[in-house]
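In mature numbering (1 follows the signal peptide of the UniProt record, and there is no 0), the protein residues as written are -21 to -1, 1 to 1160.
So, in structure tokens, the structure goes:
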């Protein structure tokens, strides 16, 4: 990946018609625009990160010309040119013409202040879109803004190309805009064009003149660090632009400007009378001014302050030293504990092993530190666990909240704890910007950053997954769907990595050095060749199919709504359609609320057919900038709820990873100890992608021990007690009292108060599958602790000082300390972690103190780590992964003509249009039923949806470019592509990018209320997520389509369901039709035959599609001995279970016959006619 800075060029063009109209030179406005476009194109070609914005200025209007909502699309005439540049050039030319022709003013003066402010606003908007951090840099020479995601940077500069006169009336407004640009570190460059003009003088004679220097823009350039240049020859504008204004700010100091007059700045006023007035004012006595005379009459004396007692301020008001967005007058709090002076001596531990020196820290790709522990299976009993846990209401568990960690020495040496705190306290003396910069220079792994993903968290998950040999992404067989949950993990880096690893094809990753080149692959098979859970059926797949993309992951998310929310639209490396966030009845995604936990369990249960997820990932955390040392104490409820969520939703054998910080307190250690009862092995890892100076670490729980075959589930949440009213749903309309129910394992009674809109949902939540087991006991206990913590939060709000109460531990201390193996594990981990952290903190402090120190191993370590983790070094682009030029499939590029810069789609070839291969069922087919029964597959089609023109929708091709519902296109004839929402507005399928299917929009109905919903039936597939399916067998194509629908459809989603129609053999049609129930339908006055889908939706059968998917010589039959499908060759009288690939019909060869369910024409057969003939063959007498 690249570490380049995004560079935004804000180009302000003077398009005053009067200035250009009076010009006597051959160099006109069109020439100026072409020169400016050439300069902008050069800027964009310097780096793929560079951006351009063009603003046009006339005396009557200031308008954004580029980017614009009315961008001109690139046509076929521009083949061979860069699409993006051609689009920009055409747009600027057209909108510039519109701007000039719409201006009727004859003035030659323009107001540039508004254009500068417009440009600065656009710059801030781009910063906000790229998620900037809330801090400003201390270094005034730094001209970039830093970002929280990946520490990317963006810089901006303004270039004004001016041909008009100055206006002295705009001085104040222009200076205000210049000061704003100065504050934002945006330099203002100015290129003045001395256009010769023909003007009439007072004597009626015409004279030639040109505008002089612009003193206002000279000041603007000087104040902001820009370049001011009046070019000698306007015909050489492009040459001056490229040689003077194109170089970066670091190279400008060595430039020699072509105009010697521009080397020195002259701020002389263009109006000589105003200049003389200013000079006269400077020479006059300031006390002769009217204002001073008035003040002297009021008693003012020179050198004294205002007021009755002359106590006013005498000194000039000092410049503001405000930094960032903190409140006015705020001051950074410094720890009262003085460690050492920061001028000369830095704090160093008396233990030399805890002090950094060059060469003491190894930087390797396998530098992760791992600690492991497992509890012997004979100790994992309900009786032992019940003797271990503490009643959260009892005095042994409760106590005053922990306010400092100095005395937490049960699980770590108190000296090491104090050393860590001393180092952390000294960091408080450095500015946040200084510490951040020092992190970047001192950490040998800092260059890894986010790579191809949205943030650093994704790379951390890639690191952890690689360390454990792909344990997380290969938790399911590679061709099956991996179900995963991602909680407290916005914006979704963990999910993006998992989807990328599971769904994309093996990706070649080249790494080059001075003496060798290596090629590695990013597929899962390379990461875990010896795992026993790889399905044996995968061994028969060909090497070609293994390298194809496959939608083999489905994710469920729960996180806080708002700034911490998931950003699915940023899932570029993986299909965002395979992930859906859930926020619970409270509509906030708060994992500490019981109602959200129960609702999330129901969501996963219905989305996985009650089996649960294979892995659950958690990355919870919040800002503790004011209390770094108490991060563990403040995060303990988050620790608890993340572990609880994993126990509820994991399937047997599932894995769990969550982020921890310090583990010094009894609460955190007890939580880890209890988790050891339920998992085969416990790990704590400090990956190399986690900065070494912080306390971050990850808890890995491998292999859930469960007596069940499904996920455990969760109890419905209790409500409406005085101490749990924060659980009430915000939009609850009514409530009623249910019968009193005992709280799990608790003597006190609690009342359930459930809203009427929650009743149906509570049925789905169900109860704990097995509450008497070890797993059920822990889930119930954790729920109880969480409720107690919620109660204490409300109670403590009314208390002060030592009267506040908190849960300090959840296990008997003696039971933990007596377990020698666990104590060796937890103490050894804490002390080893603290020692390495002290060295890292010592290094960070040294780098913060000495800015000349640089870590020179970052590039080497960066390449080694990505090679080990099988991550490509490609730059991240905001383009769906299958559409990137480096891995785009031929079917997308060749057939459709889709590219990263989407413009239009190609017309489909004639052999791709199914209407040519689609025929109607006739009476002639009834005489060949023997052949049809053994060679055709039957699809049951639903009632078509209505289009925007109130006509039944036809079968159509649908293609997803992958950026949302707005980028899904359809065509019925193969010639004209239209946006799907413009044809059928209510059809909103979740199709992954690079997917082209042939299907039919249809109507389906919710069984519980009969509401109509638009859905999409898939009849055939060309490509799925970039995978070319054209040559596959029809059954395989539909199998991949079925897997895609299983991945992209979620319970209760507002988007349209995408489905594969019911799949039958023709011999099964009679029984199928007879078993269809008569159900009420919203679009029918009487009950009609309806097909009930597995998710309680129904649809009305409308027609059948008979599909010929193999050559005429073959028939399909069911083996009586094995019950398997086999194929019989009528000509050779041979049978085989595997049909030769040459006998399968490809997408362009497959034939279709359509048969209506009912018809008004007596001469045309219908489904009833076919059923009667099939019954006649079954019962000939």
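Glycine included, each C-beta is placed from N, C-alpha and C at the ideal position.
query: Assign residue 291 to buried or exposed, taking buried as 16 or more other Cβ atoms, counted over all protein chains shown, within 10 Å of its Cβ.; result: exposed
query: Out of 540, 587 and 549, point me to the one whose CA is closest to residue 566's CA.; result: 540
query: Please list, in chain order, all residues of the same chain as residue 954 whose beta carbon is under 7 Å from its beta carbon, the five residues on each side excluded.; result: 886
query: The alpha helix (DSSP H) that contains residue 1164, what's its start and end?; result: Past the boundaries of the shown model lies residue 1164; the chain is included only from -21 to 1160, so the question cannot be answered.
query: Using the Cβ count rule (16 or more neighbours within 10 Å means buried), how would you classify residue 654?; result: buried
query: Return the chain-ordered list of same chain residues with a C-beta closer than 7 Å to the C-beta of residue 473, the five sequence neighbours on each side being excluded.; result: 436, 437, 440, 465, 596 and 598
query: If we require 4 or more residues per run, which alpha helix (DSSP H) segments fall completely within the segment 395 to 443?; result: 411 to 421
query: If you pair each beta-carbon of the segment 369 to 377 with each one of the segment 780 to 789, do three or more pairs fall below 8 Å?; result: yes
query: Apart from the five residues on each side of it in sequence, which residues of its chain come closer than 6 Å, Cβ to Cβ, to residue 641?; result: 611 and 674
query: When DSSP labels each residue in this structure, what does residue 230 get in the three-state scheme?; result: coil
query: Just to confirm the assignment, what range does the alpha helix (DSSP H) spanning residue 615 have?; result: 615 to 628
query: For residue 476, tell me which candidate among 429, 410, 665 and 149 has the shortest Cα-Cα distance.; result: 429
query: Cα-Cα, which of 858, 1136 and 228 is closest to residue 431?; result: 858
query: Reducing DSSP to helix, strand and coil, say where residue -3 ends up.; result: helix
query: Measuring CA to CA, which of 952, 956 and 929 is closest to residue 940?; result: 956
query: Which of helix, strand or coil does DSSP assign to residue 20?; result: helix
query: Can you tell which of 969, 997 and 1022 has its C-alpha closest to the C-alpha of residue 935?; result: 997
query: Considering only their Cβ atoms, is the gap separating residue 1131 from residue 896 smaller than 9 Å?; result: yes
query: Write down the C-beta distance between residue 591 and residue 633 rounded to the nearest angstrom, noting that I regard them as a contact closer than 8 Å.; result: 7 Å
query: Kindly indicate which three-state DSSP category residue 879 falls into: helix, strand or coil?; result: coil
query: Taking C-alpha atoms, which residue in 25, 142 and 352 lies nearest to residue 656?; result: 352
query: Using 8 Å as the cut-off, classify the Cβ of residue 678 as near or not near the heavy atoms of the ligand NAD, replying yes or no.; result: Among the ligands in the structure shown, none appear at all, so the ligand NAD cannot be discussed.
query: I'd like to check one pair, residue 1135 with residue 1082: are the Cβ atoms closer than 9 Å?; result: yes
query: Using 10 angstroms around the beta-carbon of residue 1110, count the other beta-carbons present and answer buried if the total reaches 16, otherwise exposed.; result: exposed
query: Excluding the 5 residues flanking residue 446 on each side, which residues of the same chain have their C-beta closer than 6 Å to its C-beta?; result: 347
query: Quick one: any contact between the segment 618 to 628 and the segment 751 to 771, if contact means 3 or more CB pairs under 8 Å?; result: yes
query: Across the segment 2 to 11 and the segment 149 to 168, are there enough close Cβ pairs to call them in contact, namely three or more that are closer than 8 Å?; result: no
query: Cutting at 8 Å between CB atoms, please list the residues of its own chain near residue 149, excluding the five before and the five after it.; result: 90, 91, 92 and 195
query: If you draw a straight line from the C-alpha of residue 553 to the C-alpha of residue 478, how long is it?; result: 5 Å
query: Would residue 635 and residue 683 be called neighbours here (beta carbons separated by less than 9 Å)?; result: yes
query: Name the two residues that bound the continuous beta strand (DSSP E) containing residue 1135.; result: 1130 to 1135
query: So which of 843, 805 and 928 has the shortest CA-CA distance to residue 1176?; result: No answer is possible for residue 1176: the residues shown for the chain start at -21 and end at 1160.
query: Span of the beta strand (DSSP E) holding residue 1087?; result: 1080 to 1087
query: So which of 1054, 960, 1062 and 647 has the shortest CA-CA distance to residue 989?; result: 1062
query: Inspect the beta-carbon positions of residue 381 and residue 609 and report whether they are closer than 9 Å.; result: yes
query: Does the segment 910 to 928 touch the segment 841 to 850, meaning 3 or more C-beta pairs lie closer than 8 Å?; result: no
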